[in-house]
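Protein chains in written order, with our numbering: chain A, 191 to 818; chain B, 2 to 163.
Written out below as structure tokens is the structure these notes cover.
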Amino acid sequence: MKLKNTEALNELKAQSLKLIETRRVTDLVTTKNARGLVRHVMVCGGPGCHSSGSPGIAERLEEELNRVGLSEQVKVFQPGCFGFCEKGPMIEIHPDNITYCEVSEDDVTTIVEEHFIQGNLVDHLLFMDPITKERFPTNIPFYDGQLRIALRNVGYIAPENILEYIAADGYQALAKVLFSMTPLDVIDVIKESGLRGRGGAGFPTGLKWEFTRKSPADQRYIICNADEGDPGAFMDRSVLEGDPHSVLEAMIIAGSAIGASEGFIYVRAEYPAAIRRLLIAIAQAREYGLLGKAILGSDFSFDIELKYGAGAFVCGEETALIHSIEGARGEPSVKPPFPAQKGLWGKPTCVNNVETLANIPPIILKGAEWFNAVGTEKSKGTKVFALAGKVNNVGLVEVPMGTTLRQIIFEIGGGIKQRKTFKAAQTGGPSGGCIPTKYLDSPIDYESLTAIGSMMGSGGLIVLDEDDCMVNIAKYFQEFTMDESCGRCTACRVGTKRLYEILTKITEGKGTLEDLENMEKLCHIIKDTALCGLGQSAPNPILSTLKYFREEYLAHIVDKTCPAGVCKSLLKYEITDKCVGCTLCVKKCPMNCISGVTKKRHVIDQERCLKCGACMEQCRVVGAIIRH
Amino acid sequence: MCDTASPNKFVQKLDDYIDSLTYKKENLIGVLHYAQEIYGYLPDNVQWHIAQKLDIPSATVYGVVTFYSFFTMIPRGEHVVNVCTGTACFVRGAEKLKGELENQLKIKAGETTTDNLFTLETLRCVGACGLAPVMIVDGKVHGRMNEAQHINEVLAKYRPEI
Numbered sequence: 191m192k193l194k195n196t197e198a199l200n201e202l203k204a205q206s207l208k209l210i211e212t213r214r215v216t217d218l219v220t221t222k223n224a225r226g227l228v229r230h231v232m233v234c235g236g237p238g239c240h241s242s243g244s245p246g247i248a249e250r251l252e253e254e255l256n257r258v259g260l261s262e263q264v265k266v267f268q269p270g271c272f273g274f275c276e277k278g279p280m281i282e283i284h285p286d287n288i289t290y291c292e293v294s295e296d297d298v299t300t301i302v303e304e305h306f307i308q309g310n311l312v313d314h315l316l317f318m319d320p321i322t323k324e325r326f327p328t329n330i331p332f333y334d335g336q337l338r339i340a341l342r343n344v345g346y347i348a349p350e351n352i353l354e355y356i357a358a359d360g361y362q363a364l365a366k367v368l369f370s371m372t373p374l375d376v377i378d379v380i381k382e383s384g385l386r387g388r389g390g391a392g393f394p395t396g397l398k399w400e401f402t403r404k405s406p407a408d409q410r411y412i413i414c415n416a417d418e419g420d421p422g423a424f425m426d427r428s429v430l431e432g433d434p435h436s437v438l439e440a441m442i443i444a445g446s447a448i449g450a451s452e453g454f455i456y457v458r459a460e461y462p463a464a465i466r467r468l469l470i471a472i473a474q475a476r477e478y479g480l481l482g483k484a485i486l487g488s489d490f491s492f493d494i495e496l497k498y499g500a501g502a503f504v505c506g507e508e509t510a511l512i513h514s515i516e517g518a519r520g521e522p523s524v525k526p527p528f529p530a531q532k533g534l535w536g537k538p539t540c541v542n543n544v545e546t547l548a549n550i551p552p553i554i555l556k557g558a559e560w561f562n563a564v565g566t567e568k569s570k571g572t573k574v575f576a577l578a579g580k581v582n583n584v585g586l587v588e589v590p591m592g593t594t595l596r597q598i599i600f601e602i603g604g605g606i607k608q609r610k611t612f613k614a615a616q617t618g619g620p621s622g623g624c625i626p627t628k629y630l631d632s633p634i635d636y637e638s639l640t641a642i643g644s645m646m647g648s649g650g651l652i653v654l655d656e657d658d659c660m661v662n663i664a665k666y667f668q669e670f671t672m673d674e675s676c677g678r679c680t681a682c683r684v685g686t687k688r689l690y691e692i693l694t695k696i697t698e699g700k701g702t703l704e705d706l707e708n709m710e711k712l713c714h715i716i717k718d719t720a721l722c723g724l725g726q727s728a729p730n731p732i733l734s735t736l737k738y739f740r741e742e743y744l745a746h747i748v749d750k751t752c753p754a755g756v757c758k759s760l761l762k763y764e765i766t767d768k769c770v771g772c773t774l775c776v777k778k779c780p781m782n783c784i785s786g787v788t789k790k791r792h793v794i795d796q797e798r799c800l801k802c803g804a805c806m807e808q809c810r811v812v813g814a815i816i817r818h
Numbered sequence: 002m003c004d005t006a007s008p009n010k011f012v013q014k015l016d017d018y019i020d021s022l023t024y025k026k027e028n029l030i031g032v033l034h035y036a037q038e039i040y041g042y043l044p045d046n047v048q049w050h051i052a053q054k055l056d057i058p059s060a061t062v063y064g065v066v067t068f069y070s071f072f073t074m075i076p077r078g079e080h081v082v083n084v085c086t087g088t089a090c091f092v093r094g095a096e097k098l099k100g101e102l103e104n105q106l107k108i109k110a111g112e113t114t115t116d117n118l119f120t121l122e123t124l125r126c127v128g129a130c131g132l133a134p135v136m137i138v139d140g141k142v143h144g145r146m147n148e149a150q151h152i153n154e155v156l157a158k159y160r161p162e163i
């Protein structure tokens, strides 16, 4: 059924509202009152919950509801990511507004019996505050301080049903753009909103659109960069899987604003679920006349094609990405000319990141002032972070720009795992840096992160604790960029390898002070001479750790120790005279290199010891095995 | 061109796919994805065939195949075991997990067991950071793989019953 005009879209919206009505109830409906109403069970389908078996839970719920004859009154859905990955698999029940955490297939019978038949809460599945032990049926503290704009529909609508998206104001912004705004109006709104590229560099989106529009050409292209390669970042994936239509709608809007009739989504082949959802969404949008010829009966035509990446981090760089779409090796080229002037097949091309695009429809609908009221002076709106590492509440969080790291890590994130000490937060992935404790209270935006030697990046936020060795972390990222360097320019191809070699030397206890000096020099040379963003930012992890954790480098080089106890070549395990001779370690040692008999002090054969630490983990006597 | 896998086996399927495309050369990466899906890997003779069919130098095809880590020229075992080496997994013990897998499978990352049952590889981030460290067997994610015994139990599911 092709929609011919705005009225048809509005009519369809009115009809579709009932699909999500149950979920829109904001007042808390008690579980007892909710009996008799049609209820929606949302089973989180985010990557984390999916991996821990949420599809099986959804299936079991349906079976069980069917068995007790409630399948008409209770409907099961699998939307996108709820964000609170730590407590997954999660389910939400509407309109009761109840969230259950860490649900397993075995809990399904209890939930159906207690919650749906008896009308009672299943207490042991409610979120429990780890400190106060208080149970939260709803309003889990994890969501306090969050503001969902880019993720507004993720976890809320069923991503494979265009009608739910339409019911949630979907394609309204497109109708507004097509029928009551000129392309220049649209560009002005985006410029005024202050929206900047969420892929990392933070270039103002409105300006990018304007430049592309101003480049004279018979054809222009819009590309959605969905090649999320930053290890530890999964925000784009969550948008693509949880709300694919918002990306399509934004691309069509961008197309009409810059004068493009064709768009491409460059998506990682490693994200099969995102690809599947996008294909479904594209087919549905075409079916409803929202994509293709004469969109909504207007004179504007636009179509979208998917292009698959093939596992190359550098393809997140826009010129490399364009070459990859053209079917070539994904090597970057020198800018200028910028893609806005000469991009895909030599035509002006606008490349926008997934999260950037997801912000567009609400900006058009609610206006630039609504959007730029959120955030800091130069960074407007919100940012999605993939919070991971040594933090209690791993998950996907969207916060206003200007939120401090402390709020994200200690309030939303619930602090450090096992009550250890916070050491640093790594942002910006392999292009970013490590932020030490003293900057925990600085507000996060593009400028402040760059000022302290890191960068926003795509939004990976990895929390490190006292057990992480900063030299080893720098080495990890250097290995990554060395692997991913495309080889086009010498500075990056050779430079990252040399940096990696020096770091390896240091972690093996063979580094010298001269190495440290040379490494620092080399970092600056690479920064100044590499061809593209990947190379130019490759030394950042080293430079920022050198800046804030130089004493750790010195410990490795001068004292030949690894303070965090990570670098194996610098470790030594020894059994002290506190040993009671229980033989636990003897049994556990994978190398069988601990000798000793019952009730006599054991000895580790240092020659053969792998330094795996298995003995120390096993030992029950404090101080009997020491590591130094 | 002395590879044992015959490109003739699925060649019709591959040709039909290429014929169905509006743009040919521009879709080289898409064609390679399709070919790897049907052959499991991209041996010389398959690359050669694609070059002929798309009318481009085989060096270009080889250049693209070797550039992208998703493409492989070595056949894989029946089950592909991947260790996620994304940052979240890295700080929560991915190295240890990789070491344990190498130990249990008696191969190094990038190799295939002699019985052709398992290939061990690493990849960057599957987005299941909440479950770190994770291993992925044939696309299925197994989380919180800290214990040797758990790893063993997962692998056992993929071994044929004796």
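Even for Gly, the Cβ is constructed at its ideal location relative to N, Cα and C.
Helix, strand or coil at residue i according to DSSP, with G and I counted as helix
i: C820/A; result: Examination of residue 820/A is not possible in this model, given that chain A is present from 191 through 818 alone.
i: D4/B; result: The predicted position of D4/B is uncertain, since its pLDDT is 46 and thus under 50; no value can be drawn from it.
i: V776/A; result: helix
i: M806/A; result: helix
i: V653/A; result: strand
i: A363/A; result: helix
i: I108/B; result: coil
i: C291/A; result: coil
i: Y629/A; result: helix
i: P551/A; result: helix
i: C505/A; result: helix
i: E495/A; result: strand
i: L43/B; result: coil
i: L851/A; result: The structure shown does not extend to residue 851/A, since chain A is modelled only from 191 through 818, so no value can be given for it.
i: V574/A; result: strand
i: C414/A; result: strand
i: I321/A; result: coil
i: G445/A; result: helix
i: N223/A; result: coil
i: C275/A; result: helix
i: R229/A; result: strand
Whole-Å CB distance - residue i paired with residue j, under 8 Å assumed
i: F670/A; j: P626/A; result: With a Cβ gap of about 21 Å, F670/A and P626/A do not count as contacting.
i: T566/A; j: D635/A; result: 5 Å
i: H746/A; j: L760/A; result: 7 Å
i: I412/A; j: M441/A; result: 6 Å
Beta-carbon proximity check, residue i vs residue j, cutoff 9 Å
i: I51/B; j: C85/B; result: no
i: K97/B; j: N28/B; result: no
i: M425/A; j: A340/A; result: yes
i: G823/A; j: A728/A; result: The structure shown does not extend to residue 823/A, since chain A spans only 191 to 818, so no value can be given for it.
i: I356/A; j: L468/A; result: no
i: L733/A; j: K717/A; result: yes
i: N113/B; j: A578/A; result: Looking at the sequence shown, residue 113/B is not Asn but Thr. Their beta carbons are not under 9 Å apart, which means T113/B does not touch A578/A by this criterion.
i: I1/B; j: S514/A; result: No statement about residue 1/B is possible, as the shown extent of chain B runs from 2 to 163 and does not include it.
i: A814/A; j: T766/A; result: yes
message: Counting only Cβ-Cβ distances shorter than 8 Å, please list the residues of the segment 478-491 of chain A near chain B, keeping chain order.
response: none
query: Taking Cβ-Cβ distances below 8 Å as the criterion, which residues of the segment 115-137 of chain B are in contact with chain A?
result: L124, R125, C126, V127, G128, A129, C130, G131, L132, A133 and V135
query: Are the segment 63-75 of chain B and the segment 389-408 of chain A in contact at 8 Å, needing three or more beta carbon pairs?
result: no
query: What residues in the segment 498-512 of chain A bring their beta carbon closer than 7 Å to a beta carbon of chain B?
result: Y498, A500, G501 and A502
- request: Taking 8 Å as the threshold, find out whether the segment 606-618 of chain A comes into contact with the segment 292-311 of chain A through three or more Cβ pairs.
  value: no
query: Within the chosen definition, does the segment 255-273 of chain A reach the segment 231-244 of chain A through at least 3 CB pairs nearer than 8 Å?
result: yes
Members of the segment 510-541 of chain A near chain B, C-beta cut-off 9 Å: S514, I515, E516, G517, A518, R519, G520, E521 and W535
message: Any C-beta of chain B within less than 7 Å: which residues of the segment 339-366 of chain A qualify?
response: Residues: none.
message: Against chain A, which members of the segment 10-31 of chain B pass a CB distance test of less than 8 Å?
response: Residues of the segment 10-31 of chain B whose Cβ lies closer than 8 Å to any Cβ of chain A, in chain order: K26, E27, N28, L29, I30 and G31.
query: Going along the segment 577-590 of chain A in order, which residues come within less than 7 Å of chain B, judged by CB to CB distance?
result: A578, G579, K580, V584 and G585
- prompt: Using Cβ-Cβ distances below 8 Å, what residues of the segment 401-427 of chain A are close to chain B?
  reply: Closer than 8 Å at the C-beta level to chain B, one finds these residues of the segment 401-427 of chain A: G419, D420, P421, G422, A423, F424 and R427.
Three-pair Cβ contact test at 8 Å for the segment 418-432 of chain A versus the segment 637-653 of chain A: yes
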